[in-house]
Amino acid sequence: MALALTGLPAATPPSTPTALHGTVTSAGKPLSHADVTLFTGDRQGVRDLGRAMTDANGAFQIRPTRPAGSVLYVDATPHGNRSLRLRSIVGFGSGGGVARRSESAVTVNELTTVAASYALAQFTDSHGITGPSPGLENAAATSYNLADPASGRPGKVVTDQNNGSRNDTQATLGTLANLVSLCAPAADTGRCQDMLRLATPQHGSTPADTAQAVLNLAHNPRLATGKLYALTRQAHTYTPTLTAAPAAWVLALHYTAPDVYAPGRMAIDAKGNVWASNNWLPGTRNPSPYVTVQDPVGNPTLNSPISGGGMKAGAWGIAIDHDGAVWVPSYGGDAMAKYSSTGKPLSPGTGFKNGDLNHPQGTAVDQKGNIWIANFYGLKGNRGQGSVIVYPHGDPSKAITIKGGGLDHPFSVQIDGYGRAWVSNARLNGAKLLDTRVPKGHVGGSVTVIGPDFKPTSFSPIKDNSLDWPLALAVDSRNNVWVPSFVSNSVTEIGPSGKVTGVYKLPTAIAPWSVAIDGADRVWVAGFGAPSVSVLCGVNTSACPPGSSTGSPLSPPHGYRSKSIQHLTAIQLDQSGNVWLANNWSKLVPPTGGNGLVELIGVATPVCTPLTPVPARPATTSSTACPAPTSTQPR
């Protein structure tokens, strides 16, 4: 059984079937005389639960020999053809945000192999599938969205009205499955070897089998797209397929739960549920009274949409405190709304107004449980207006108002490992762009740093020509701060001492709005102007391809794109390595709200959620997967 995160109930493993029945097919035909193994994985490692051999019809039966861990999965490999390894997820426990599930009958084929490889890309190595809760269970649950292990067909989500023919994900899934089928027993051996060779990362080892090859593509989405696509033209088992080579081997899923409309920002809780603020009511520009919550596989949960607590037009801010309570700025209500971890409003009907809130935006929680709020002051008024409000230990009645330090229409606030608050200043002339989204000339902007004593630091405000309408910002594991600038189309790196240490121009003009840092310190940037996601190598260059340096682009020149991705204002990462995107606007003229959230499957290094507040990768070597929030003193 997997150990639970602090504050979460102990995880229940998937119920182990008394007998697992299944069928293995390859290239659409039964795979006879194949070795089939049922495995279980959790944070302690991988264990073999039983073995069987398929009959002439590809059928098998396994009676497990011991209890299950967090995840159940099946591997199948034919005799005399170890290049083909097929895989299917067949169950997961309750350690995540989705009810436990297990199958008694399963189909194993190329499609289930791709689904398992992508959804569990951050938990898979040469030994199998292993890792900490809740990310492991949530990743296994996500594989069901891509492929149904019972039927071996595409999953209900990838084929639904939001996905299906409306984006390229099902076609990419089919193309990758056809790629795996090149190693079927009856296939041309040369094409199989070509596929394995092309799926070899730079300076890496040639994958031993198809499961490793697909995993390599999940980890290196830009790998040999053209040549691998050309190979797939020789295979025709799965449809639909891509009609041209992709820019990257990325799988995106689009979720449109009720009232997730014009979502502003997201926060991910300890179970992997995705909370979102929402600007408008669907189909209108009327303020939304709802905060929405989706579980790790995109379904509304906790009675979402949630109203009450003073919510009116949630804009760009949301944060989760140490008790799991969720704080959301009510931009239109000049207040803060608070909800319990189960979705119950905890703030009064008008919200908390303490601190003279005026169109609040960014929100963060520090190591002591203090709630920090960027008091934006709206689109009108004078330059230099704005403040930062702190609710000490979450107590609005003790509100502290912080001014000075160059605060000028503060937009975002994030906490570093020293307990300091970093605040982006959008400035008034930048704030007015929120009405038009049309940048004209140099807008400017700055960053203010406020110490744990609630006083601006001596080096505030931080100014640089690259800071040209900075909106979001994020802190990496070494306390460097990354600030995308909407107008200059660049990302500025600021060291812990407040010195600008790098300015990285993005290859394509995307008008970047938001940024997140993953568990390997890679920098994920969401484009508003050109809907896309760009990735930069961070300070941990060992986590990037050979030859990369800090700031090197890791994504295609135009970023990762999908027909499902609209104009983005927020990007967040979860404990499974998925990247969540907020479709804020669908059209710029006239301004039209965006629909739902988009998830890029398994592409990032997992990060503990909620943020602690500096990003940390969930661990398997300690008693708990994620560290408790602590701060140190800056050197």
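Read in order, the letters of the sequence shown are residues 0 to 634 in numbering that gives the first Met the number 0.
Each residue gets a CB set at the ideal place from its N, CA and C atoms; glycine is no exception.
On a predicted model such as this, the values are computed, not experimentally measured, just so you know.
Presumed contact (8 Å Cβ cut-off) between residue i and residue j, rounded CB distance
i, j, result
"G130", "R42", "6 Å"
"F91", "S69", "7 Å"
"G528", "A510", "3 Å"
"V490", "V482", "7 Å"
"L596", "P262", "6 Å"
"G501", "T549", "6 Å"
"G331", "K311", "4 Å"
"V213", "V157", "Actually they do not touch by this definition, with Cβ atoms about 16 Å apart."
"A58", "T22", "5 Å"
"R65", "D74", "Not quite, the Cβ-Cβ distance comes to about 17 Å (not below 8 Å), so this is no contact."
"A256", "N298", "7 Å"
"G601", "H566", "That pair is no contact at about 24 Å."
"I267", "D34", "Not a contact, Cβ separation roughly 39 Å."
"P552", "Q201", "Contact flag wrong, Cβ pair sits at about 15 Å."
"T123", "P63", "Between P63 and T123 the Cβ distance is about 21 Å, and since that is not below 8 Å, they are no contact."
"D258", "Y289", "5 Å"
"V412", "G354", "13 Å between Cβ atoms; not a contact."
Beta-carbon contacts of residue i that lie in its chain and below 6 Å, excluding the five residues immediately before and after
i, result
"G443", "R426"
"D25", "Reading off the sequence shown, one finds Ser at residue 25, where the question assumed Asp. Hits under 6 Å: A183."
"V325", "W274, I319 and Y338"
"A1", "Because A1 carries a pLDDT of 31, less than 50, the predicted location of this residue cannot be relied on, and the following value inherits that uncertainty. A10, D41, R42, S69, G94 and S132, listed in sequence order."
"L119", "I128 and A138"
"L505", "N488 and S533"
"T507", "P556 and H557"
"A679", "In the structure as shown, the chain begins at 0 and stops at 634. Residue 679 is therefore absent and cannot be evaluated."
8 Å Cβ shell around residue i - same chain, five flanking residues per side excluded
i, result
"S82", "C182, C191, Q192, L195, A207, D208 and T209"
"N166", "A251, H253, S561, K562 and S563"
"D349", "Residue identity check: residue 349 is Thr in the sequence provided, not Asp. Counting only Cβ-Cβ distances below 8 Å, and skipping sequence neighbours, we find G309, G332 and A334."
"A149", "E102, A104, V105 and T106"
"R46", "F38, T39, G40, R65 and G68"
"V499", "I461, D463, S465, T491, E492 and I493"
"N424", "G385, G405, L406, D407, H408, P409, F410, G444, S445, V446, T447, P460 and P469"
Euclidean distance between Cα positions of residue i and residue j
i, j, result
"V532", "H321", "30 Å"
"G393", "N369", "5 Å"
"D54", "T17", "20 Å"
"T111", "I88", "8 Å"
"A615", "C607", "6 Å"
"S457", "A420", "14 Å"
"G49", "V107", "16 Å"
"T5", "N137", "The predicted model places T5 with a pLDDT of 39, which falls under 50 and marks its position as unreliable, so this point remains unresolved."
"G518", "N56", "44 Å"
"N219", "W248", "8 Å"
"G377", "H408", "8 Å"
"G647", "V446", "As shown, the chain starts at 0 and ends at 634. That puts residue 647 outside it, with no answer to give."
"T141", "V296", "6 Å"
"G526", "T283", "23 Å"
"S484", "L470", "7 Å"
"F410", "Q384", "12 Å"
"G323", "P12", "24 Å"
"H78", "T205", "21 Å"
"N478", "I449", "14 Å"
"Q121", "I388", "38 Å"
"P635", "P245", "Summary: the structure shown does not reach residue 635, with the chain confined to residues 0 through 634, and so no result is reported for it."
"Y503", "D415", "21 Å"
"A3", "A186", "Confidence at A3 is low in this model, with a pLDDT of 33, below 50, so the placement of that residue should be treated as unreliable; the coordinate-derived value is given next. The alpha-carbon atoms of A3 and A186 are separated by roughly 45 Å."
"V486", "I61", "59 Å"
"L7", "T188", "Below a pLDDT of 50, predicted positions are generally treated as unreliable, and L7, at 49, falls in that range; no measurement from the model is reported."
"V364", "Q571", "16 Å"
CB contact check: residue i to chain D, cutoff 8 Å
i, result
"S547", "Looking for chain D here will not work: only one protein chain is present."
Sequence-distant residues of the same chain with beta carbon closer than 7 Å to residue i, five excluded per side
i, result
"T611", "C625, P626 and P628"
"T300", "N272, V292, Q293 and D294"
"G173", "Y237, T238, P239 and T240"
"T341", "L301"
"G537", "D475, I516, D520, R521, V522 and T549"
**Message:** Restricting to runs no shorter than 3 residues, where is the beta strand (DSSP E) found entirely within the region 444-482?
**Reply:** Qualifying beta strand (DSSP E) stretches, in chain order: 445-449.
**Request:** Give a yes or no on contact between the region 451-463 and the region 388-403, applying the rule of three or more CB pairs nearer than 8 Å.
**Result:** Yes, since at least three Cβ pairs between the region 451-463 and the region 388-403 fall closer than 8 Å, the two stretches touch.
**Request:** Report yes or no: do three or more beta-carbon pairs, one from the region 86-105 and one from the region 261-277, lie closer than 8 Å?
**Result:** With the cut-off at 8 Å, the region 86-105 and the region 261-277 touch.
**Message:** In chain order, what are the residue ranges of uninterrupted beta strand (DSSP E) at least 3 long that sit wholly in the region 347-396?
**Reply:** Counting whole runs of 3 or more residues, the region 347-396 contains the beta strand (DSSP E) stretches 359-364, 370-374 and 386-390.
**Segments of 3+ residues assigned as beta strand (DSSP E) that fall wholly inside the region 266-348** = Here the runs fully enclosed are 273-277, 290-293, 325-329 and 334-338.
**Request:** Output the residue ranges of the beta strand (DSSP E) runs that lie fully inside the region 214-271 and measure 3 residues or longer, sorted by chain position.
**Result:** Those beta strand (DSSP E) runs which fall completely within the region 214-271 and span 3+ residues are 251-254 and 262-267.
**Message:** Using a Cβ distance threshold of 8 Å, determine whether the region 274-291 contacts the region 576-593, with at least three qualifying pairs required.
**Reply:** Because the criterion of three Cβ pairs below 8 Å is met, the region 274-291 and the region 576-593 touch.
**Message:** Runs of 3 residues minimum, wholly inside the region 83-145: which ones carry the beta strand (DSSP E) assignment?
**Reply:** Runs of the beta strand (DSSP E) inside the region 83-145: 85-91 and 104-107.
**Asked** What runs of the beta strand (DSSP E), each 3 residues or longer, lie entirely inside the region 512-545?
**Response** Whole beta strand (DSSP E) segments, 3+ residues: 522-526 and 531-535.
**Item:** Whole runs of the alpha helix (DSSP H) within the region 605-630, excluding any shorter than 4 residues
**Value:** Runs of the alpha helix (DSSP H) spanning 4 or more residues and lying entirely within the region 605-630 do not occur at all.
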